[in-house]
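> A single structure is presented below for examination.
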Amino acid sequence: MSNCKTTFGSNVKIARRKWGQLPSLAIKNLHELTARYGFSVVSGELLLISGNWYVTHSGLVRLAARKHCAGISVAPAKSLCDAASGRWAFKATVYKSRTCRGFVGYGDANPSNVSFLVQGAEMRVAETRAVNRALRKAYGIGICSVEEIGSLDRQSGSPPDQKKLPKNANGNGHGPRTVRDRLCQIIRQQRLDPSLVKAYATDFCAVKSLRDATREQVESFVKHLADWVEKDRDAVLCQLNSYMRTEGGAA
363 MSNCKTTFGS NVKIARRKWG QLPSLAIKNL HELTARYGFS VVSGELLLIS GNWYVTHSGL
423 VRLAARKHCA GISVAPAKSL CDAASGRWAF KATVYKSRTC RGFVGYGDAN PSNVSFLVQG
483 AEMRVAETRA VNRALRKAYG IGICSVEEIG SLDRQSGSPP DQKKLPKNAN GNGHGPRTVR
543 DRLCQIIRQQ RLDPSLVKAY ATDFCAVKSL RDATREQVES FVKHLADWVE KDRDAVLCQL
603 NSYMRTEGGA A
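The sequence shown begins at 363 in the numbering used here and counts up by one.
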């Protein structure tokens, strides 16, 4: 009980430092997640997005380790896979003990339901989603993992309310922890077309495919885009639209 109180106190402190003042409901839910699963904010196991707590992939895997999970098997659902079009589906089975019959979860990914930054890695995304879903089922976690949020936002066709996005997410060290997170956030906040941003990024980095760009090049592009869109969003839209005309002319 004492350890739970210490972890919860640490979670609240770190969460407030990262996202500002927390609503009472968020604190209540955080207490339940801490007491029941032992999730840690400082370890990156939980994220607060639009007022809701989301468990990261690492959080789910660490939970399985804490619960002494007997094993996880993953295999492609071959009848649903099409490597040529980048469509993949996986089946994951989590065994909580050696006598457990297994908890099954399926994950799929294709270029239309993943961030453009991970296009080309759909197989890995599908595998991760399958494992996440199987782990949530095995341990009774009814909230989706953060790795799936990008696909949900994309399918909805409407970006999240900017007022509900995590606070302090402005690149000062308390917001998104990866270049991909930062770029996806800019696209959502500014309501930019992901495919046009990808075309612009490829041109900016002077590569044939964005996958060929170095991390430093992508970081430079993200910083450039963030600064420019804050100063003159209309100019950014004009720049992006030029790539749409180019694609149309090529067609």
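For glycine and all other residues, C-beta sits at the position ideal for the given N, C-alpha and C.
Applying the criterion that 16 or more other CB atoms from any shown protein chain within 10 Å of the CB defines a buried residue, is Glu407 buried or exposed?
Flag for Glu407 reads buried.
> How far does the beta strand (DSSP E) with Gly469 in it reach, from first residue to last?
Note, Gly469: beta strand (DSSP E), 465–471.
> Given Val584, which residues of its chain have a CB within under 8 angstroms of its CB, disregarding the five upstream and five downstream residues?
Within the same chain, Val584 has close Cβ partners Val541, Arg544, Leu545, Ile548.
> Taking buried to mean at least 16 other C-beta atoms within 10 Å of its own C-beta, is Ala368 buried or exposed?
Looking at the sequence shown, residue 368 is not Ala but Thr. The residue in question, Thr368, is exposed, as its Cβ has fewer than 16 Cβ neighbours within 10 Å.
> Report the three-state DSSP secondary structure of Ala388 (helix, strand or coil).
Of the three classes helix, strand and coil, the one that applies to Ala388 here is helix, per DSSP.
> Tell me the rounded alpha-carbon separation between Glu581 and Ser459.
Rounded to whole angstroms, Glu581 to Ser459 spans 43 angstroms at the Cα level.
> Where do the N-terminal and C-terminal ends of the beta strand (DSSP E) with Ser435 fall, by residue?
First-last of the beta strand (DSSP E) with Ser435: 433–438.
> Starting from Ile411, follow the alpha helix (DSSP H) in both directions and report where the run begins and ends.
Careful: Ile411 lies outside any alpha helix (DSSP H), inside the beta strand (DSSP E) at 408–411.
> Provide the residue(s) that pair with Asp444 in DSSP beta bridges, ordered along the chain.
Arg449, per the DSSP bridge assignment.
> Going by the CB atoms, is the gap between Val559 and Leu602 shorter than 8 angstroms?
It is a contact, given that the beta carbons lie within the stated cut-off.
> Going by DSSP in three states, Thr418 sits in which element: helix, strand or coil?
Thr418: coil per DSSP, three-state reduction.
> Enumerated in chain order, which unbroken segments of the beta strand (DSSP E) with a length of 3 residues or greater are wholly contained in the region 566–595?
For the region 566–595, not a single whole beta strand (DSSP E) run of length 3 or above is found.
> Residue range of the alpha helix (DSSP H) that Thr490 falls in?
From DSSP, the alpha helix (DSSP H) with Thr490 extends over 484–501.
> Count the other CB atoms, across all protein chains shown, that sit within 10 Å of the CB of Cys443; report buried if there are 16 or more and exposed otherwise.
Counting Cβ neighbours within 10 Å, Cys443 comes out buried, since at least 16 surround it.
> Report the three-state DSSP secondary structure of Thr369 (helix, strand or coil).
DSSP places Thr369 in helix when its eight states are reduced to three.
> Between the C-alpha atoms of Tyr457 and Trp381, what's the straight-line distance to the nearest angstrom?
Near 35 angstroms, if we compare the C-alpha coordinates of Trp381 and Tyr457.
> So, for Gly467: in the same chain, excluding its five sequence neighbours on each side, which residues have a beta-carbon less than 6 angstroms away from its beta-carbon?
Same-chain partners within the cutoff: Ala454, Ala492, Arg495, Ala496, Lys499.
> In three-state terms, what does DSSP make of Thr455?
Correct three-state label for Thr455: strand.
> Is it true that the CB of Leu410 sits closer than 8 angstroms to the CB of Ala377?
Yes; because the gap between Cβ atoms is below 8 angstroms, this pair is in contact.
> Please return the same chain residues whose Cβ sits closer than 6 angstroms to the Cβ of Asp470, not counting the five positions on each side in sequence.
These residues qualify, in order along the chain: Ala451, Ala488.
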